[in-house]
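One structure is given here, and the rest of the page talks about it.
Residue numbers (this note's numbering), protein chains in the order written: chain A, 440 to 630; chain B, 33 to 429.
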């Protein structure tokens, strides 16, 4: 059974979702207002899905969503009365997997959850690919920087500098990037 | 790396040749011949192509077999024969279309015998033949996978000495890093495996090296970089970039004596082979000591590149394993040798990658080899070759 963390950001004391979720056979493991630290709550409760019920998502809500997506990625479903397409775009950009404007019917919850989970999984793959590419680029820049420093220091060619760095890395059982960082640190130290 | 190559690589990442995938899980077994994969992943050979290679050390060939099929591993350092066994559905799993992207090495495996056999004076092929034909307990030999290269070298060598590998001795499967423990426990009398595990046994005073795989077949095919055919078809740019990274790493390893030595140091790390440098380095440099007092420099020692000759996926290399499967009854009928081999060996993809790196590509996809028993293998008559041996287990007549 899916574990759901329900966030009630409406003016009503008891949200409109809890009953519908129970009827649809979901396990609501926690229901909180938005005066909480959402990432910490997600960490503590470890839900499969975060469900946010809000009349209109505020800046605070969006910020909390961004933080969860960065540190504790989960499928996030937002139920709202807000029709403004700009707000919807902002919510999706923040990391919301499904943005549902129309009223809540118990029989519609399962397909909504399924879509949110699928969307979340494909987003995660894209995100990790992007992260890997950023990291590759960052590593290459550091290796290039160290290579340039070494060429200047040893008055050698680019290829010789690479070979020296790789040999050093291998004989110390390290990766090339580690030796590059050492060269950069040492060069900065010696000014 | 020259400026030109760097520019080229950047264009590669940005343009339509960009890899479809940026992060790959690459499996390997802790063996000296995984070097080019480990060097490619750790020494910055893949990043210029937009690839990050996550190395996944495996505990057994059976694990690599299963994880390649399930997709948990995108590609792996693999036994040549094992990939063909998966292709034909005789590896213990359902038949899956496979791809050999490139050869990772030639040579560098050995057959060792135990200390008790050494003490009993069984230190030559003829003494072993005599012992194997005595009545009493059968000797037990270990290899690393039923359809792997080590099984094929062991069978081929035993048969060439008049010992029937399936009748005169028992054979069992043991993962490479566990050979020494099984030998010490007296569960096996000998084994065939890749380095450093033979050198390591000699170093521990546990027996001796009776022969090397390169003595059976100089410059024989051994490990390959392999994946499923589905992976190559869905990610052709990724596959080519992967081959280019590993090719560059293999060229780098053989560029100098110093590079080979630092490769040995990297490999011996607990993260990769977890074996003492004293077991890894000498045979990686071609310096052999057999545990019987003989020392030599081996002209056909472990080879990772050899200007591309060790990397080209020759059709005749892949096909040889099919002939041996047939010879030993692992295949009950002749497969369509050439058709199967042409499907598995990714010669076009390899050639594109090698050409982009100015690495020569052979003119012919078959090569001629002479093995220790004098038999010549050139890929022209696989069915006839499979039937040409005195000792065999052909079970169709």
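A virtual CB, placed ideally from N, CA and C, is assigned to each residue, including glycine.
With 8 Å set as the bound, which would you pick, yes or no: does the beta-carbon of residue 282/B sit closer than that to a beta-carbon of chain C? Protein chains in the displayed structure are A and B, and chain C is not among them.
Just reading off the beta strand (DSSP E) that residue 255/B is part of, what are its end residues? 255-260
Using the three-state DSSP reduction, which class does residue 133/B fall into: helix, strand or coil? strand
Any idea what DSSP makes of residue 321/B, helix, strand or coil? strand
Can you list, in chain order, the residues of its chain whose CB lies under 8 Å from that of residue 220/B, leaving out five sequence neighbours each side? Within the same chain, and ignoring the five residues on either side of residue 220/B in sequence, the residues whose Cβ sits closer than 8 Å to its Cβ are 146, 172, 173, 174, 204, 206, 211, 214.
Applying a beta-carbon distance threshold of less than 8 Å, which residues of chain A neighbour residue 75/B? 605, 608, 609, 614, 615
Hey, is the stretch 578-592 of chain A in contact with the stretch 602-621 of chain A, meaning 3+ C-beta pairs nearer than 8 Å? yes
Could you confirm whether any beta carbon from chain B is found closer than 8 Å to the beta carbon of residue 566/A? no
From which residue to which residue does the beta strand (DSSP E) around residue 110/B run? 107-111
Excluding five sequence neighbours on each side, which residues of the same chain lie with their C-beta closer than 7 Å to the C-beta of residue 182/B? Cβ-Cβ distances below 7 Å link residue 182/B to 141, 175, 176, 224, 225 in the same chain, with the five nearest sequence neighbours on each side left out; the list follows chain order.
Taking only beta-carbon positions, decide if residue 82/B is within less than 8 Å of chain A. yes
Are the CB atoms of residue 61/B and residue 275/B within a distance shorter than 8 Å? no
Verify whether the separation of the beta carbon atoms of residue 308/B and residue 300/B is less than 8 Å. yes
How is residue 517/A classed by DSSP in three states: helix, strand or coil? strand
Please classify residue 195/B: is it buried, with 16 or more other beta-carbons within 10 angstroms of its beta-carbon, or exposed? buried
Alpha carbon to alpha carbon, what distance is there between residue 593/A and residue 581/A? 18 Å
Skipping 5 residues on each side, what residues in its chain have a beta carbon closer than 8 Å to that of residue 508/A? 515, 533, 534
Hey, does residue 579/A have any beta-carbon neighbour from chain B nearer than 8 Å? yes
In the DSSP assignment, what are the bridge partners of residue 243/B? Answer is 143/B, bridged to residue 243/B.
Name the chain A residues whose beta carbon is nearer than 7 Å to that of residue 79/B? 575, 578, 579
Interface flag, residue 297/B vs chain A, CB-CB below 8 Å: yes
With DSSP as the reference, label residue 66/B as helix, strand or coil. helix
Three-state secondary structure (DSSP) of residue 440/A: Note: residue 440/A maps to coil in three-state DSSP.
Alpha carbon of residue 501/A to alpha carbon of residue 572/A, nearest angstrom: So the alpha carbons of these two residues sit roughly 26 Å apart.
Against chain B, with Cβ distances strictly below 8 Å, would residue 572/A count as a contact? yes
Considering only residues of the same chain and omitting the five flanking positions on each side of residue 296/B, which have a CB-CB separation below 6 Å? 312, 313, 316
Closest by C-alpha distance to residue 217/B, when choosing among 227/B, 233/B, 228/B, 202/B: 233/B
In chain A, what lies closer than 8 Å to residue 55/B by C-beta? 567, 568, 571
Does the contact criterion of 3 or more C-beta pairs under 8 Å hold for the stretch 349-357 of chain B versus the stretch 389-396 of chain B? no
Buried or exposed, going by whether 16 or more other CB atoms sit within 10 Å of the CB of residue 39/B? The predicted position of residue 39/B is uncertain, since its pLDDT is 42 and thus under 50; a value taken from the coordinates is nonetheless stated next. By the neighbour-count rule (16 or more Cβ atoms within 10 Å), residue 39/B is not buried but exposed.
Within 8 Å (strictly less), CB to CB, does residue 151/B reach chain A? no
Is the CB of residue 582/A under 8 Å away from at least one CB in chain B? Yes, residue 582/A lies at the interface with chain B (some Cβ there is under 8 Å from its Cβ).
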